[in-house]
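Residue numbers (our numbering): 5 to 578. C-beta: ideal position from N, C-alpha, C; glycine also. The model shown is predicted, which means the values in this text are computed figures rather than measured ones.
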Amino acid sequence: MLKKTDLQTKLIQMQREAEERDAQRRAQKNNLSYLDAVSSPVSVEALELIPEEIAKKAKIAAIEIKENNLALAVFDPASIEVKNIIKKLEVGGFNSTVFVVSSSGLNHIFNFYKFVSKKTEAIVGKVEVGKSQGTDFPKISSLKELREAFQFLSHSSDIVKILDIILLGALANAASDIHFEPEEKSVKLRIRVDGILHDVFGDFKKDFYLQLLSRIKLLSNLKINIHDEPQDGRFTINLAGKKKEIEVRVATSPSEFGEVVVMRLLDPDIISLSLSDLGIREDDLEIIKNELKRPNGMILNTGPTGSGKTTTLYAFLKHNQTSEVKIITIEDPIEYHLEGIEQTQVNEEAGYTFANGLRSIMRQDPDAILVGEMRDKETAEIGIQAALTGHLVFSTLHTNNASGAIPRLLDLGVKPTSIGPALNLVIAQRLARRLCSNCKTLQVVDEDLENKIKIFLNALPERVDKGKFKEIKIFKPKGCDVCNGSGYKGRVGVYEIFLNDPEYEKLLIDPSKAKLSSHENLDELISQGAGEFAIEKFALEQGMVTMQQDGILKIIEGITTFEEVEKISGAIKW
């Protein structure tokens, strides 16, 4: 006689065998292959292509991926939901092979979702580019070749190949953004390189663009049938033959002649920069390194969108990153993923705002905290309190210069008595285009300009190393194949650094030459309700080198030009 436990085991086994026989019948009925999912391997990389919630609802799972070939485990291949998912995968560039499985086999596969990263959101959130290159695929390594590629494929209807070319061409030219701009009869393609937009192709037909737009939306997990309201999404580029993934943030918005699309390329190589790669002068870099050693206080980075603030703050975090330090971030959104650092993302629908997230982070015993932006009173006050209670806090503000950070905090409603003790350092920055090292040419410096530069150098704080500027050389752009004829290649940061330190003169080469300030310290100035002009005057008295002065020093070093510095800081004031 069977024991109760043996009987239960026997019944479970019989039920499973019945389920597998049923799966075999359904496979035969649909002319598909049957799979015993319980004994089959499951690829987590494949599994993450379909979010768990969607997979369970449709009773489908991706279990194996080889290049663009995908194996799918399906309970009911005739299901409308299953067919829609397969269609989306097909548009996303995947060739799917369907296997019919039992309910228990599918549940076995679903157990592997615990190994899938929670950040995965899109069904077809990954696309491999470069794989389709062959004898009929044009070479793309410059802006000129990208334009030629579109002439080469101007009559093609291959959506996958066209998007492949756009993405490869943008990456080859180190573009930060791709713009699709509908006009009355056609659609224009432009890419932003080193902060400047370049026309690539101006004759996409409207019907072809709609197909291209659908593919981009599917990859980004956006609603295809929504055309009259903005949408945001993202997907990942896998570069064929390279162990590198590039995130693409996609934003669509309605316009007079159709939907505008902007795709921002987030290349992880950007955040591999160290402190010394940022373009910060040695004397300012020494100040920053000293401030990064502090156990508490606040470091603010100011500037407009696209000025490189995130890259700079990430370099600071990586400089401080050790196994003994716990660093947590709250961002909106997470643009780059940093190994060894806990990153969280704002989700206002779920009530996870900068303020709420910061409160939560404070309970997790961090040593350093990055807050994506000080955008309201509550966030600013919590950040200030964190800086005053033993944490090193990094954040950003949208102000034009370093001295504008304090009035901005006051405008947000932060108590004046808290700002001075909490604030360690304020950095303002912009990005200027670098001269192309391959073609830049020496410019004749007349006597008037030479005299202006000498007076300028003499007026700088003593800590600035002026020895390297004994021979004044100014360069100008020329243009070559390397820089796409622009005369510029890449960008460099231009900075001003406002240090809140009563003993600032200790950092000067010759402390006896420290300028006397009309105020004892920053706290006194803030308590008197000083505005931006008064704070800037105080900072200059303390030895701050302005953004424009830093730009001029980069001109004399042969890094950039007067035109570029004036674009970011206004007309040069000698």
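The alpha helix (DSSP H) enclosing H323, as first and last residue numbers: 313-324
For a test of the three-state rule: what should DSSP assign to G138, helix, strand or coil? With a pLDDT of only 47 at G138, under the threshold of 50, the placement of this residue in the model should not be trusted; the figure read from the coordinates follows. Of the three classes helix, strand and coil, the one that applies to G138 here is coil, per DSSP.
Three-state secondary structure assigned by DSSP to V48: helix
M378 to D198 span [Cα, whole Å]: 27 Å
Unbroken beta strand (DSSP E) run spanning R298, endpoints: No beta strand (DSSP E) holds R298; DSSP gives it neither H nor E.
If you drop the 5 nearest sequence neighbours on each side, which residues of the same chain put their C-beta closer than 8 Å to that of P234? A255, T256, S257, P258
Terminal residues of the continuous beta strand (DSSP E) containing F208? 200-209
Write down the C-beta distance between S407 and A543 rounded to the nearest angstrom, noting that I regard them as a contact closer than 8 Å. 5 Å
Quick one: what's got a C-beta closer than 6 Å to P337's C-beta in the same chain, skipping five residues either side? Q349
Please report the straight-line C-alpha distance between L222 and V95, rounded to a whole angstrom. 8 Å
Should the region 529-536 be regarded as contacting the region 442-451, the criterion being three or more beta carbon pairs within less than 8 Å? no
Residue of R268, I423, C443 minimising C-alpha distance to N525: I423
Exposed or buried, D140, counting other C-beta atoms within 10 Å across all chains shown (16 or more means buried)? Any answer about D140 is weak, because its pLDDT of 48 lies below 50 and its placement is not dependable; what the coordinates show is given next. Its Cβ having fewer than 16 others within 10 Å, D140 is exposed.
Give the list of continuous beta strand (DSSP E) stretches no shorter than 3 residues that lie fully inside the region 432-489. 445-447, 478-480
Smallest Cα separation from A62: which of M302, S83, L51? S83
Taking H183 and L147 to be in contact with their CB atoms under 8 Å, please state how far apart those CB atoms are, rounded to whole angstroms. With a Cβ gap of about 14 Å, H183 and L147 do not count as contacting.
Quick one: what's got a C-beta closer than 7 Å to G307's C-beta in the same chain, skipping five residues either side? K313, A432, Q433, R434
For N421, count neighbouring Cβ atoms within 10 angstroms of its own Cβ and tell me buried if that reaches 16, exposed if not. This sequence places Thr at residue 421; Asn is not what is there. That one is exposed.
Is it right to say A384 is buried, meaning 16 or more other beta carbons lie within 10 angstroms of its own, or is it exposed? buried
What is the residue span of the beta strand (DSSP E) that E233 lies within? Here E233 belongs to no beta strand (DSSP E), and DSSP marks it neither H nor E.
Contact the region 27-41 vs the region 104-119: 3+ CB pairs below 8 Å: yes
Once DSSP output is grouped into helix, strand and coil, what is the label at K248? coil
Inter-stretch contact at 8 Å, needing at least 3 Cβ pairs: the region 380-396 / the region 492-508: no
Just reading off the alpha helix (DSSP H) that V95 is part of, what are its end residues? 84-95
Rounded to whole angstroms, what's the CA-CA distance from V329 to R367? Just pull it up for me. 16 Å
Between the Cα of S43 and the Cα atoms of K87, P81, N111, which residue gives the shortest distance? N111
Please work out which residues of its chain come closer than 6 Å, Cβ to Cβ, to L53, disregarding the five sequence neighbours upstream and downstream, and give them in chain order. A66
For S311, count neighbouring Cβ atoms within 10 angstroms of its own Cβ and tell me buried if that reaches 16, exposed if not. buried
Can you tell me where the beta strand (DSSP E) holding S399 begins and where it ends? 396-401
Between the Cα of I144 and those of E132, V164, G173, spot the shortest distance and give me the residue it belongs to. G173
Nonlocal neighbours in the same chain, by C-beta distance under 7 Å from V86, ignoring five residues either side: A62, I64, V78, D80
Report yes if the C-beta distance between P186 and V264 is below 8 Å; otherwise report no. yes
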